[in-house]
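What follows is a set of notes on a single structure, which appears directly below.
In this note's numbering, the protein residues as written are 828 to 941.
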C-alpha cells in the first residue's frame, strides 16, 4: 500500500471534487464584497450632502447681510436629515457586517459531504 500524498499546489481548489466548492466560495466572497461596496456608497452619498451644506455656509458667511432665522433653520433641518442618513447607513453597514461575519463563518467551516 502506498502512502503517497500529492503535494498541495496553488490550484488545489480546482482538483477533482472541489470545483463546486471553489465556485461557491468565490460567489459568497463576491456577494460579501458587493455588500461592503453598497455600504460605502451609502456613506459617501451622505457626505456629499454635508459638503454641499458646508459650501452654502461659506457663501452665507461672506454675504453682505446676515442670514435670516429661516435660512439658519433650513440649514439645520437639512443637516439633521443628512445626519439621520449617515446614522441609517451606519446601522445598515452594521447589519451587513453581521451578515458578512455569518457568511464567512459558513465559508470557513469544513465540508461534511462530497
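Idealized CB from N, CA, C, for every residue including glycine.
Item	Value
Cutoff 8 Å; reference residue 928; Cβ partners in own chain excluding five residues on either side	none
Euclidean distance between Cα positions of residue 887 and residue 917	30 Å
Alpha-carbon to alpha-carbon, residue 863 and residue 856	11 Å
Outcome for residue 858 when other beta-carbon atoms lying within 10 angstroms are tallied against a minimum of 16	exposed
Per-residue DSSP class, three states only, for residue 855	helix
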